[in-house]
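4 protein chains.
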Amino acid sequence: MIELKGRGGRPRSEQAREAVLHAVDDLLLEVGYAALTMKGIAMRAGVGRQTVYRWWSTKAEVLFEACVDDAEEELAVAPTRTPLAEITSYLDALVRFLAHSPAGAGYRALLAAAQHDPAVKQLIATKDVLSASASAVLNRVDPARPADDQAIARLIGPAFFWIMSGRDPAQLDTHELARSFLQDLGSEVP
Amino acid sequence: MIELKGRGGRPRSEQAREAVLHAVDDLLLEVGYAALTMKGIAMRAGVGRQTVYRWWSTKAEVLFEACVDDAEEELAVAPTRTPLAEITSYLDALVRFLAHSPAGAGYRALLAAAQHDPAVKQLIATKDVLSASASAVLNRVDPARPADDQAIARLIGPAFFWIMSGRDPAQLDTHELARSFLQDLGSEVP
Amino acid sequence: MIELKGRGGRPRSEQAREAVLHAVDDLLLEVGYAALTMKGIAMRAGVGRQTVYRWWSTKAEVLFEACVDDAEEELAVAPTRTPLAEITSYLDALVRFLAHSPAGAGYRALLAAAQHDPAVKQLIATKDVLSASASAVLNRVDPARPADDQAIARLIGPAFFWIMSGRDPAQLDTHELARSFLQDLGSEVP
Amino acid sequence: MIELKGRGGRPRSEQAREAVLHAVDDLLLEVGYAALTMKGIAMRAGVGRQTVYRWWSTKAEVLFEACVDDAEEELAVAPTRTPLAEITSYLDALVRFLAHSPAGAGYRALLAAAQHDPAVKQLIATKDVLSASASAVLNRVDPARPADDQAIARLIGPAFFWIMSGRDPAQLDTHELARSFLQDLGSEVP
DNA sequence: AGCTAAGCGAGACGGTACGTCGTGTCTTATT
DNA sequence: AATAAGACACGACGTACCGTCTCGCTTAGCT
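Protein chains in written order, with UniProt numbering: chain V, 1 to 190; chain R, 1 to 190; chain Y, 1 to 190; chain G, 1 to 190.
Okay, here's the thing in structure tokens:
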């Protein structure tokens with residue numbers, strides 16, 4: 001037996017929960033993260049403000065829950081024949097996610113907020129979708145060598161910096177990035 | 001001569017300007033970027049609110065002016081004998097700047113804000129201290145090959161991602177990063 | 001016989017009813033009428049909110065039911081030998097009730113609320129404890145002359161105004177008030 | 001020299017002050033005291049909420065300032081030839097004020113609130129318009145005998161109770177009240 | 001004994017006012 | 001003309017209470 005929580009009381013409304021998450025998705029695109037407010041979310045969702053505060057403490061938490069699932073899905077790439085194709089395909093997905101996806105916009109906003117808000121830092125640390133996706137790809141490319149953080153940073157870093165520093169995603173040569181990453185991988189200190 | 005501005009009137013107070021910039025520096029460390037406000041800056045600086053608005057439009061502009069000079073200085077590394085030492089030294093400076101320097105905290109906050117504020121994006125684009133410093137190092141290491149954005153991203157990216165994603169700066173192996181970067185440099189497609 | 005209500009169903013809980021009335025009594029003294037809330041009453045009584053709303057529409061109704069019985073009792077004075085003693089004794093009880101009794105505090109609050117809430121006005125009109133008590137005394141003092149509203153107002157008014165306008169009840173000379181009231185009574189236009 | 005306050009700063013807006021006071025007057029009649037809110041006052045006045053809170057702490061304070069002047073004016077009666085006419089005229093004005101005047105509605109609301117709010121009690125004690133007006137009449141009727149609180153209570157009390165307890169003002173015989181009051185006055189203990 | 005129905009505690013729901021704070025603008029007197 | 005001071009209209013903050021609703025659980029009278 002597990003379900004021991006709250007014996008009485010009206011159960012949480014799944015409808016309200018979804019309305020809030022959809023409202024956050026919509027508003028992020030329409031007004032941006034800075035103009036995203038708890039009040040605005042509640043109004044857009046047709047929900048009382050207390051209902052939002054009851055389940056989420058900050059707009060960052062709502063946004064995190066709203067886009068973490070999409071993020072995982074968008075960063076998963078299909079297996080390919082060669083490591084080069086696999087890495088290139090992953091980097092393309094990464095750039096697409098960070099630069100164009102709604103979920104990516106949410107992720108960038110959260111990562112930005114985490115730079116000056118320890119609570120958000122801790123929040124996004126609970127599910128590090130970027131590292132996890134890179135780790136999955138690396139483990140598939142070279143199952144013998146377990147993916148470490150340093151390798152993940154070398155894989156993700158250049159594209160990540162490219163997007164975060166505001167450069168044009170179309171100008172990034174992901175194929176060259178993948179080639180150079182794999183060369184390092186095959187030539188590390190013996 | 002030079003002073004061609006408004007014919008009459010009181011000149012701008014240099015004292016007020018410096019008080020504002022120092023106030024921003026102090027407050028960023030004390031309360032963080034999110035809690036940084038124009039009102040708070042003015043109060044801390046002992047300056048009228050209008051005086052802040054007269055010379056800067058947003059808190060981002062004040063912060064930018066307050067930390068861009070420090071940033072340039074901290075990211076300049078002394079020339080070294082070998083490329084490997086030079087690159088390693090630069091990456092160390094980069095990590096130190098992003099992870100520990102007050103100016104770096106300001107830069108991170110601005111770059112974060114730029115993710116959802118086009119005005120801030122444009123602002124920090126006017127003086128890309130990170131790319132400029134990397135460019136300087138690259139040109140010194142290999143004067144024959146002019147530094148391009150892709151190489152800059154490969155150099156800065158991994159360390160940048162490491163810090164921005166909240167990893168411990170002490171765990172980053174900059175020497176290994178430098179080695180792998182230089183290997184790519186020497187082996188690019190002929 | 002008589003019990004024609006709903007054929008089935010759980011009967012009303014007398015325990016809950018009393019808990020609510022006691023809670024209102026307690027809270028009125030502790031936090032005052034303004035801070036008295038339906039939610040607070042339910043919590044203090046250890047009762048569901050709906051249970052309060054099921055039997056009373058407003059906090060005024062609960063309070064009325066909670067203090068009307070006490071009020072009647074406190075305003076009833078024992079017969080005395082002389083009219084003067086009787087009237088004085090009644091005025092003393094009136095002042096004691098209005099100024100010091102918990103039930104009187106409830107009555108003052110309700111009468112105050114009635115000034116801007118027609119529903120409360122109608123509510124307290126259903127059982128005018130003040131006038132009724134005065135009427136009883138007057139009828140005993142002079143059975144020949146039925147107590148009219150004007151006489152009741154002359155009897156109650158001065159003390160009522162004294163308390164309602166915040167004056168010190170100890171400074172009121174009820175004996176003098178009684179003497180002057182009786183003089184009027186005996187000298188009205190023939 | 002007196003005007004030493006605040007050397008700098010924008011002066012208080014008289015326009016905003018009047019807009020707020022008029023808004024309170026209007027809203028009291030339209031929605032009643034219970035539904036009167038600081039937010040509503042600010043909106044109706046076309047004024048920021050902070051502006052209201054800057055100068056008044058509670059809706060009671062705003063209302064007090066809004067109706068105290070009207071109250072004083074409405075309770076001042078013109079001198080008459082006979083004491084009976086004077087007293088009757090005053091009682092008529094008193095009833096008219098309490099039962100029909102907007103300012104009187106405000107006064108009743110405040111006096112009601114004072115029953116359970118010490119701050120309001122203290123507030124209305126700073127300018128006791130009812131007692132002051134009665135005092136003025138009594139001093140004119142019998143300059144030899146200075147008006148005491150007990151006499152004031154006997155004069156005001158009956159009419160006050162009549163209105164506060166919700167009776168029909170038209171049914172009150174002020175002439176009889178005045179006659180009986182004057183009889184007491186002339187026959188007090190020697 | 002089983003069924004039906006209303007009351008019960010609990011607590012989430014959509015709303016709205018609270019009093020505070022920061023926004024960017026404005027209006028003073030002073031320098 | 002720039003300054004320090006501070007009032008202005010505006011609107012988001014997070015909290016509290018409103019009155020309603022939906023749960024699972026009594027607790028009775030009526031088959």
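The C-beta atom is built at its ideal place from N, Cα and C for all residues, glycine as well.
(request) State buried or exposed for Gly106/R, treating a residue as buried only when at least 16 other CB atoms are found within 10 Å of its CB. (result) When all chains shown are included, Gly106/R counts as buried.
(request) Report yes or no: do the region 103–121 of chain Y and the region 21–40 of chain G share at least 3 C-beta pairs separated by less than 8 Å? (result) Between the region 103–121 of chain Y and the region 21–40 of chain G there are three or more inter-stretch CB-CB distances shorter than 8 Å, so the stretches are counted as touching.
(message) Comparing C-alpha positions only, which one of Cys67/Y, Ala60/Y, Leu94/Y and Thr51/Y sits nearest to His22/Y?
(response) Cys67/Y
(request) Enumerate in chain order the residues of its own chain whose CB-to-CB distance from Lys121/R is below 7 Å, with the five nearest sequence positions on each side excluded. (result) Ala114
(request) Tell me whether Tyr33/V sits in a helix, a strand or coil according to DSSP, three-state version. (result) coil
(request) Rank Leu111/R, Arg140/R and Thr80/R by C-alpha distance to the C-alpha of Thr126/R and give the top, closest one. (result) Leu111/R
(message) Looking at the secondary structure, which residues open and close the alpha helix (DSSP H) in which Trp56/G lies?
(response) Taken as a continuous stretch (DSSP letters only), Trp56/G belongs to no alpha helix (DSSP H), as it is neither H nor E.
(request) Give me the Cα-Cα distance between Arg7/G and Trp56/R, rounded to the nearest whole angstrom. (result) 27 Å
(request) May I have a chain-ordered list of the beta strand (DSSP E) segments no shorter than 3 residues that lie completely inside the region 88–175 of chain V? (result) none
(request) Inspect the beta-carbon positions of Pro102/G and Asp149/G and report whether they are closer than 8 Å. (result) no
(request) Would you check if the distance between the CB atom of Ile41/G and the CB atom of Val31/G is smaller than 8 Å? (result) Not closer than 8 Å, so no.
(request) Quick one: grab the DSSP three-state call for Leu75/G. (result) coil
(request) Name the residue from Asp92/Y, Leu182/Y and Ser131/Y whose alpha carbon lies nearest to the alpha carbon of Gln171/Y. (result) Asp92/Y
(message) So the candidates are Ala76/G, Ile163/G and Gln50/G; which of them puts its Cα closest to the Cα of Tyr90/G?
(response) Ala76/G
(request) Please classify Pro146/G: is it buried, with 16 or more other beta-carbons within 10 angstroms of its beta-carbon, or exposed? (result) exposed
(request) Output the distance between the C-alpha atoms of Gln183/G and Arg140/Y, rounded to the nearest integer angstrom. (result) 24 Å
(request) Provide the residue span of the alpha helix (DSSP H) that contains residue 195/Y, from first to last. (result) The displayed coordinates of chain Y run from 1 to 190. Any statement about residue 195/Y would go beyond what the structure contains.
(message) For the pair the region 157–167 of chain G and the region 157–173 of chain Y, tell me if three or more CB-CB distances fall below 8 Å.
(response) A contact exists between the region 157–167 of chain G and the region 157–173 of chain Y.
(request) State the DSSP-derived secondary structure class of Met1/R, mapped to helix, strand or coil. (result) Any answer about Met1/R is weak, because its pLDDT of 35 lies below 50 and its placement is not dependable; what the coordinates show is given next. Of the three classes helix, strand and coil, the one that applies to Met1/R here is coil, per DSSP.
(message) At the level of alpha carbons, what is the spacing between Leu4/V and Pro169/R?
(response) Confidence at Leu4/V is low in this model, with a pLDDT of 45, below 50, so its placement is unreliable and the value that follows should be read with caution. Each residue's Cα considered, the two are about 43 Å apart.
(message) Taking the alpha carbon of Gly48/Y as the reference point, which residue from Thr88/Y, Ser135/Y, Ser13/Y and Ala153/Y has its own alpha carbon closest?
(response) Per the Cα distances, Ser13/Y.
(request) Could you tell me the distance, in whole angstroms, from the CA atom of Leu155/V to the CA atom of Ala151/R? (result) Cα to Cα, Leu155/V sits roughly 14 Å from Ala151/R.
(request) May I ask you to report which of helix, strand or coil DSSP gives Pro190/G? (result) The predicted model places Pro190/G with a pLDDT of 35, which falls under 50 and marks its position as unreliable, so this point remains unresolved.
(request) Just tell me which of Glu61/R, Met43/R, Gly46/R and Ala136/R has its CA closest to the CA of Ala78/R. (result) Ala136/R
(request) For residue 192/G, collect the residues of the same chain with a Cβ closer than 8 Å to its Cβ; drop the 5 residues on either side in sequence, then sort them by chain order. (result) In this structure chain G extends from 1 to 190, so residue 192/G is not present and cannot be described.
(request) On a CA-only basis, which of Leu28/Y, Arg108/Y, Val95/Y and Ala132/Y is nearest Asp173/Y? Give me that one, please. (result) Val95/Y
(request) With a threshold of 16 other CB atoms inside 10 Å of the CB of Leu29/Y, please say whether the residue is buried or exposed. (result) exposed
(request) Might you give, ordered along the chain, the residues of its own chain that have their beta carbon closer than 7 Å to the beta carbon of Leu27/V, omitting 5 neighbours on each side? (result) Leu36, Gly40, Ile41 and Arg44
(request) Would you kindly check if the distance between the Cβ of Leu84/R and the Cβ of residue 200/R is under 8 Å? (result) Not covered by the structure: residue 200/R. The range shown for chain R is 1 to 190.
(message) Is there a C-beta anywhere in chain G that falls below 8 Å from the one on residue 253/Y?
(response) Residue 253/Y lies beyond the range of chain Y shown here (1 to 190); nothing can be said about it.
(message) With H, G and I counted as helix, E and B as strand and the rest as coil, what does DSSP make of Arg17/R?
(response) helix
(request) Please check the pair Glu61/G and Leu123/G, which I expect to be a contact at CB under 8 Å, by giving their CB distance rounded to whole angstroms. (result) At roughly 6 Å, the Cβ-Cβ gap stays under 8 Å, so Glu61/G and Leu123/G are in contact.
(request) Determine whether the Cβ of Gly32/G lies closer than 8 Å to any Cβ atom of chain Y. (result) yes
(message) If I measure Cβ to Cβ from Ile2/Y and keep anything under 8 Å in the same chain, skipping five residues before and after, which residues do I get?
(response) Only weak support exists for where Ile2/Y lies, its pLDDT of 39 falling under 50; the value from the coordinates is given anyway. Same-chain partners within the cutoff: there are none.
(request) Closer than 9 Å, Cβ to Cβ, to anything on chain Y: give me those residues from the region 51–83 of chain G, in chain order. (result) none
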